[in-house]
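Have a look at the structure below, then the notes.
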Amino acid sequence: MDKRVTIAEVVGEIRDGMTVGIGGWGSRRKPMALVRALVRAGKKDLTLVTYGGPDVGLLVAAGCVKRVVTGFVSLDSIPLEPHFRRARSAGTIELTEYDEGMLYWGLLAAANRLPFLPIRAGLGSDVMRVNPELRTIRSPYADATELVAMPAVPLDVSLVHLNRTDAGGNGRYLGPDPYFDDLFCLAAKRRFVSCERVLSTEDLIETGPPQTLLTNRSMVDGVVETPHGAHFTSCVPDYGRDEAFQREYATTDWAAFRARYLDSGEDDYQKAVA
Amino acid sequence: MTRAETCVVACAEAWRGDGAVLASSAGLIPQLGARLAQLTFAPELLVTDGEATLLRDGRAEGWLPYRAVFSMVAAGARHVMMGASQLDRFGNQNISCVGPWERPRSQLLGVRGAPGNTVNHATSYWVPRHSPRVFVERVDMVSGIGHDRGAHEIRRVVTDLAVLDFETPDRSMRLRSVHPGVTVDEVIAATGFALTIPAGVPATREPTEEELKLIREHLDPHGLREK
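Residue numbers (our numbering), protein chains in the order written: chain A, 613 to 886; chain B, 115 to 341.
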């Protein structure tokens, strides 16, 4: 039950054209070490499903992305993601734009092997106009309410980053919010969790109360220990967002940024930002 | 009393009478408004730290991760004050992009939770610069829905010039009050569509002594609201 793998092995499982779910939220607890590895590997035509942050920006800037499925893309302290903005105006990526709650529902439907789940969010809005495949459904009960039939959002692969795991894939978040990382794992065929530290199961259990154990072994196919692996997004309480570095990312020419930080491996990246 | 302080109180007023609902806000002025309302005339309001902790007068009182926020949205137990890059006379709002959606001139945030918010629970807006670029005949991408598209309730729009509401027969936008020192004509000139203007437009109420003291000494002692 030792599922420890290397970053290279995770990247090796992701083929061009796959639908990749990325956990975290905005610029919070993103599996950035895995994202950097996808950039280096030059993956193509990926469909990203995510509550978008710099994960989207890096992969879009590197030309890895065909489509983004999301409700927003933001760096939190910097509201707008520059690479995503540029690509949208240049028309170089496709977008499936949902309400945030619709995306949650789509992942929940996929996790539960349902074709859709009904939801109010989206009704009357231009989300219905820009996603002409969306259908509504009428309640079969006396209320006869019309609702959006949010389709399941199934994933080929999910990438999430947690604070602590054991080698088998039991995982724990230590910060204030689990985000939707468990759902990303449940909605995907192959599930990879990077983490700050891999512990023995016994030590993992000691790190907090049972309800913060977000993933169990059945939800995870591979575990990667990547200390500081969410940098430059926040991974509290291990570390906060690196605001200075995020500003540099948002204001530096892409080619220069890539050459300075991304083109060598994760170890060199961590040395460069230490 | 400064304009920013008037705006904080005008934002607070949007939540009057709401009871135990989640007061969510985007931006410092509405955030100060929600906290002021909680400290004064709306003590039951729930306010967060912008992440996952519920705060009562700045101190933690509960837990509200994003997945629980979506439940409060769906249950209708929330009144959000969002920003708006564009807003039309029925309260349709855009924060997604400017220009054609297929290839926008300017990509903004995306629709975020605006479709779900506006269809499920009370929504208000904060507009820090009242201008015809924001108040438009037609928004480019309907993120938040207005009253002509089935909005639950668009309660108020607070700007740097005025307070607007939708208390008209067709639930289109009306000038509710102008901030002290602002004329009705200035508001009309800064709005890109025809507003309903009542016969006598009152001035936005001034903060009480107690409210001013709370804003200046307790909620925002470093005066960040004036920036």
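Idealized CB from N, CA, C, for every residue including glycine.
Residue nearest to residue i in terms of C-alpha spacing, selected from the options
i	options	result
Phe204(B)	Arg288(B), Thr318(B), Gly230(B)	Arg288(B)
Ser305(B)	Val233(B), Val241(B), His332(B), Gly258(B)	Inspection of the sequence shows that residue 305(B) is occupied by Thr rather than by Ser. Among Val233(B), Val241(B), His332(B), Gly258(B), the Cα nearest to that of Thr305(B) is on Val241(B).
Thr819(A)	Asp850(A), Gln882(A), Glu625(A)	Asp850(A)
Val187(B)	Cys797(A), Leu715(A), Ala733(A)	Ala733(A)
Asp202(B)	His193(B), Met195(B), Asn231(B), Ser245(B)	Ser245(B)
Ile634(A)	Val885(A), Gly664(A), Gly713(A)	Gly664(A)
Ser138(B)	Met196(B), Thr154(B), Pro157(B), Arg181(B)	Met196(B)
Leu153(B)	His332(B), Phe249(B), Glu300(B), Glu251(B)	His332(B)
Phe696(A)	Asn775(A), Ala723(A), Tyr716(A), Gly675(A)	Gly675(A)
Glu855(A)	Asp793(A), Ile690(A), Asp768(A), Asp738(A)	Ile690(A)
Ile731(A)	Thr863(A), Ala871(A), Val680(A), Pro763(A)	Pro763(A)
Gly636(A)	Pro790(A), Asp875(A), Ser812(A), Pro821(A)	Pro790(A)
Gly703(A)	Ile209(B), Arg219(B), Arg270(B)	Arg219(B)
Leu136(B)	Arg226(B), Leu338(B), Ala166(B)	Ala166(B)
Ala871(A)	Asp614(A), Asn782(A), Arg698(A), Arg652(A)	Arg652(A)
Ala276(B)	Arg270(B), Val292(B), His266(B), Glu267(B)	Val292(B)
Lys656(A)	Ile705(A), Asp794(A), Tyr753(A)	Ile705(A)
Gly141(B)	Gly230(B), Ile302(B), Asp299(B), Val272(B)	Val272(B)
Val672(A)	Ala699(A), Ser846(A), Lys615(A)	Ala699(A)
Reduced DSSP category for residue i - H, G, I as helix; E, B as strand; rest coil
i	result
His695(A)	helix
Ala317(B)	strand
Ser689(A)	coil
Met613(A)	coil
Met196(B)	strand
Gly624(A)	helix
Lys801(A)	strand
Lys642(A)	coil
Leu309(B)	coil
Asn775(A)	strand
Asn208(B)	strand
Lys678(A)	strand
Leu223(B)	coil
Tyr663(A)	coil
Phe792(A)	coil
Tyr851(A)	strand
Arg732(A)	coil
For residue j and residue i, the rounded distance between their alpha carbons
i	j	result
Arg640(A)	Thr838(A)	16 angstroms
Arg243(B)	Ile749(A)	40 angstroms
Lys678(A)	Leu707(A)	9 angstroms
Leu278(B)	Arg290(B)	5 angstroms
Arg330(B)	Thr116(B)	11 angstroms
Ala151(B)	Leu746(A)	40 angstroms
Glu693(A)	Leu670(A)	10 angstroms
Val622(A)	Asp738(A)	37 angstroms
Trp177(B)	Ser185(B)	13 angstroms
Glu251(B)	Gly877(A)	52 angstroms
Asp284(B)	Gly260(B)	12 angstroms
Leu326(B)	Thr318(B)	15 angstroms
Tyr710(A)	Asp875(A)	33 angstroms
Arg270(B)	Ala308(B)	17 angstroms
Asp833(A)	Ala722(A)	18 angstroms
Glu267(B)	Leu767(A)	36 angstroms
Arg181(B)	Val668(A)	22 angstroms
Proximity below 8 angstroms, CB of residue i to CB of residue j
i	j	result
Asp274(B)	Cys121(B)	yes
Thr827(A)	Val810(A)	no
Leu687(A)	Leu771(A)	no
Ala842(A)	Pro643(A)	yes
Asn234(B)	Gly190(B)	yes
Ser286(B)	Thr322(B)	no
Trp129(B)	Leu159(B)	yes
Arg829(A)	Glu625(A)	no
Thr662(A)	Val836(A)	no
Glu340(B)	Ala118(B)	yes
Ser74(B)	Ala228(B)	The question about residue 74(B) has no answer, for chain B in this structure spans 115 to 341.
Thr659(A)	Val681(A)	yes
Leu726(A)	Leu795(A)	no
Residue-level contact to chain B via CB, residue i, 8 angstroms cutoff
i	result
Asp815(A)	no
Asp778(A)	no
Asp738(A)	yes
Asp789(A)	yes
Tyr716(A)	yes
Ala721(A)	no
Ala733(A)	yes
Phe844(A)	no
Residue-chain proximity (residue i, chain A), Cβ-Cβ < 8 angstroms
i	result
Thr167(B)	yes
Ala188(B)	yes
Trp240(B)	no
Val256(B)	yes
Leu223(B)	yes
Phe184(B)	yes
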